[in-house]
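The sequence shown begins at 59 in our numbering and counts up one residue at a time.
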Amino acid sequence: MTTTRTALFVSPHLDDVAFSCAGTLAALKARGWSIVVATVFTRSVANPEGFALACQTDKGLAPEVDYMALRRDEDAAFAATPGIEADEVHWLDLEEAPHRGYDSPAALFGPVLADDQIWREVAVRVGAIAEAVDPNVVFAPQALGNHVDHRQAVRAVVSLGRPAVWYRDLPYATRAPEESPPPGLPSGLVKLAVPVTDHLPAKIAGCCRYATQLPFQFGGVERVGPTLMAFAADEAARAGMPDHAECFLTDPAVADALRGA
59 MTTTRTALFV
69 SPHLDDVAFS
79 CAGTLAALKA
89 RGWSIVVATV
99 FTRSVANPEG
109 FALACQTDKG
119 LAPEVDYMAL
129 RRDEDAAFAA
139 TPGIEADEVH
149 WLDLEEAPHR
159 GYDSPAALFG
169 PVLADDQIWR
179 EVAVRVGAIA
189 EAVDPNVVFA
199 PQALGNHVDH
209 RQAVRAVVSL
219 GRPAVWYRDL
229 PYATRAPEES
239 PPPGLPSGLV
249 KLAVPVTDHL
259 PAKIAGCCRY
269 ATQLPFQFGG
279 VERVGPTLMA
289 FAADEAARAG
299 MPDHAECFLT
309 DPAVADALRG
319 A
């Protein structure tokens, strides 16, 4: 009897897995893996104010728009994209950093607030999904770019103690490809490069579902494909591979298992 292998992809926000590692997601899907995506910070907050409100109005959305509902719709469209076709999508209904006291762009990328213990609830909710689906491996961010929500996701996943593969956060890594992750990842990790050339069309199509984010993150929908293609080519070159790749950090045993997957 064949046992389906399962990959749990943890996304801090409604686009991080898509931008960062959807090529690998699609490659695993094509090999028969079950794909589960869990996005952490997805809660709609009524009547946002200040910086939290600016995070939607600076993208051209009126104050009365339920920004997170719109983004959840985009995420559902990503998950249904041919070649992606996630088996399960979970929105963990926690508040993004601007609703937790981070009141400026500088604060989002600064120190984690002492009273911000959201990682504990992230661990509970991701852990419950992991218990239910029993993944062979968990994909989670490295927190490149130093966003506080990404760092809290890292802390939560590390606390679970499950086999993990840490992805390079895009588009942050496109702007600083040599940046190292902030403290918090386990020790003894090795680099893993996954060939994704055949799966980049699905990744790009999926990323284009996030229409609210593309002008801000890429400079427009027309820049998504060229940016992701060029970065994947550079990643492959840095790894000594041809064509296109997505690169990760992971435990040596997990790297060996995935190379044979």
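Note that the Cβ used here is the ideal one computed from N, Cα and C, for glycine as well.
Inset, instruction - Answer yes if the region 104-111 comes into contact with the region 276-285, meaning at least three C-beta pairs across the two stretches below 8 Å, and no otherwise. - result: no
Legend entry - Beta-carbon spacing of Glu-179, Leu-218 below 8 Å: no
Legend entry - Beta-carbon spacing of Gly-246, Thr-139 below 8 Å: no
Inset, instruction - Would you mind reading off the limits of the beta strand (DSSP E) that contains Cys-305? - result: 303-308
Inset, instruction - Can you grab the Cα-Cα spacing for the pair Asp-279 / Leu-272, in whole Å? - result: With the sequence shown as reference, residue 279 is identified as Val, and Asp is not the correct amino acid for it. Computed Cα separation, rounded: 6 Å.
Legend entry - Beta-bridge partners of Leu-250, as assigned by DSSP: Phe-306
Inset, instruction - Indicate the three-state DSSP secondary structure (helix, strand or coil) for Trp-149 in the structure shown. - result: strand
Inset, instruction - Taking 8 Å as the threshold, find out whether the region 238-245 comes into contact with the region 208-217 through three or more Cβ pairs. - result: yes
Legend entry - Of the residues Arg-158, Phe-274, Phe-276, Pro-253, the one placed nearest Asp-301, counting alpha carbons only: Pro-253
Legend entry - Those runs of the alpha helix (DSSP H) which lie wholly inside the region 85-123 and span at least 4 residues: 108-115
Inset, instruction - Kindly identify the DSSP beta-bridge partner or partners of Tyr-225. - result: Pro-199, Phe-306
Legend entry - Residue interval of the beta strand (DSSP E) (run including Ser-217): It is not in any beta strand (DSSP E) - Ser-217 instead sits in the alpha helix (DSSP H) that spans 206-218.
Inset, instruction - Can you tell me the Cβ-Cβ gap for Val-147 and Ala-135, rounded? I've got them flagged as a contact below 8 Å. - result: Actually they are not in contact, since the Cβ atoms of Val-147 and Ala-135 sit about 11 Å apart, beyond 8 Å.
Legend entry - Residues of its chain near Leu-250, where Cβ-Cβ distance is below 6 Å and the 5 sequence neighbours each way are ignored: Phe-306, Thr-308, Ala-313
Legend entry - Buried/exposed call for Gln-114, threshold 16 Cβ in 10 Å: buried
Inset, instruction - Compare the Cα-Cα distances from Ala-96 to each of Ala-88, Arg-89, Leu-83 and report the closest residue. - result: Leu-83
Legend entry - Option nearest Val-68 by Cα separation, candidates Gly-318, Lys-87, Leu-171, Val-196: Val-196
Legend entry - Residues sharing a beta bridge with Thr-64, DSSP: Ser-92
Inset, instruction - Let me know if Gln-175 comes out buried or exposed under the rule of 16 or more other beta-carbons within 10 Å of its beta-carbon. - result: exposed
Inset, instruction - Locate the alpha helix (DSSP H) running through Cys-266, then write down its first and last residues. - result: Premise fails: Cys-266 is in no alpha helix (DSSP H) and is neither H nor E.
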